[in-house]
Structures are given as structure tokens and as C-alpha cells.
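Read in order, the letters of the sequence shown correspond to residues 341 to 535 in my numbering.
Some notes on the structure that comes next.
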Amino acid sequence: MDSRIYDFLINEIGLTDKELINSLANKCKIATFKKRETIIHQNERPKYVPFLCSGIVRGFLVDEKNNEITDCFCQKFGEAVVPSLPFDTPALFSMQAVADSEIFLFPVSDLVSLVNGNPAMMALYNVLLQESAKRHFDMKYNLMRFDNAQRYEWFLKEYPGLIDKVSHKYIASFLSMSEVSLSRVRKELAQKNKA
């Protein structure tokens, strides 16, 4: 069994019940996704609940005009790569590897059964749900209240190093600006830092 699964369950999720940890570890598999490979498609009903082991993943949706709109990036070990809640509902977003990535995959049916049948898992699910909601609310709040330059500076702090690892097209979409605007903001910030 890959020790990273135990590291995730114990140190990231915070599980202490050895029987529960072993049960989840035995159900988990680690899958590899190449850059640009889709992990979950929008509107698909997921078979697995994914968490990031390594790499970078973006969440995006395709609008009525067939434009891709980037909603989020995941780059931290143990981060949920979840396209909708509850786990067994159709995905609101597609989740795509934007760098070669490894993903922890837990079968949805097993996880839903555990959450519904185990008070400790239900409490944990509620904590994770609240943390995820807080992260998304904070992100949306900052993206809505800042101008282009402030959004870009916020992005650099919130996602260190990602600017050099991900297509600027995806980053511009995430920051609700055009690629031209992102390029202009980057040049202005570079000139400001030189002065």
C-alpha cells in the first residue's frame, strides 16, 4: 500500500480510527493523469471522489457559447478535486490535469455509505464541506472586489509559482480578464518592481 494514502488520511484528513483508515486505504487507488487529460467531465456522474496527490488540476465549465471558464486550481497535496456536492451528483465542472498529476480516487458509493453510516465520517464531511465553501467564498469575494492588477497580485500570493506552470489563457479566465489584459498587467507590475 502506498504510504502517501496513509499520510493523506491521517495528516491531511485527520482520521485516527485505525480500522476506518485501513478500510479507506484499501478502497483507494492512485491514478495518473497526463497534462490536458480530463479527470471528470462536466455533467458526468463521478464514480470516484478525487483528491490531489501531486501535480496541478483546474476546474472549468463550458458555457453556452462554448467558452471554457476556469473556476479553480488545485495544487496542494490532499486538496479535494471535487466538481460538485454531494459527491454522487452530476459534475458542475470538468476537472482537468494541467500538469502530469497523481490523484487519490475513493469510490463514491463507498464514501457515501461511510458518511451516511458513520457519525465520525459525517462530522468530518461537514468540516471538509465548510472548509471548501470558505475557500471558494474567499476566492470569489477577492476576485469580485479587486481591479485587474489587484486580482493578479492576489493570484500570485494565493497560488505561488503557478503563473509559470499553467497556461496564461487559463489564468486570465480564472481572473475574469482577457489574455491581453493579463499581459498588460504583468508588464505594468514588472516595470513597477524595477523602479
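Note that CB positions come from ideal geometry on N, CA and C, so glycine has one too.
Do residue i and residue j have their C-beta atoms within less than 8 Å of each other?
| i | j | result |
| --- | --- | --- |
| ALA473 | VAL525 | no |
| VAL389 | VAL467 | no |
| ALA431 | HIS476 | no |
| GLY348 | PHE391 | A small correction: the amino acid at residue 348 is Phe; Gly does not occupy that position in the sequence shown. It is a contact, given that the beta carbons lie within the stated cut-off. |
| THR378 | SER434 | yes |
Going straight from the alpha carbon of residue i to that of residue j, what length do you get?
| i | j | result |
| --- | --- | --- |
| SER521 | ASN362 | 50 Å |
| ALA463 | GLY457 | 11 Å |
| LEU445 | GLN531 | 44 Å |
| SER523 | ARG491 | 13 Å |
| LEU425 | LYS534 | 45 Å |
| SER516 | LEU454 | 38 Å |
| ALA460 | ASP450 | 15 Å |
| GLU493 | PRO386 | 34 Å |
Is it buried or exposed, residue i, if we count other Cβ atoms within 10 angstroms and call 16 or more buried?
| i | result |
| --- | --- |
| TYR510 | buried |
| THR410 | buried |
| ALA512 | buried |
| GLY399 | buried |
At which residues does the beta strand (DSSP E) containing residue i begin and terminate?
| i | result |
| --- | --- |
| GLN436 | 434 to 437 |
Considering residue i, what are the terminal residues of the alpha helix (DSSP H) in which it resides?
| i | result |
| --- | --- |
| PHE314 | The structure shown does not extend to residue 314, since the chain is modelled only from 341 to 535, so the question has no answer here. |
| TYR481 | 459 to 485 |
Return yes when the C-beta of residue i is under 7 Å from any heavy atom of the ligand SAM, and no when it is not.
| i | result |
| --- | --- |
| GLY418 | As presented, the structure is devoid of all ligands, the ligand SAM included, so that no description of it is given. |
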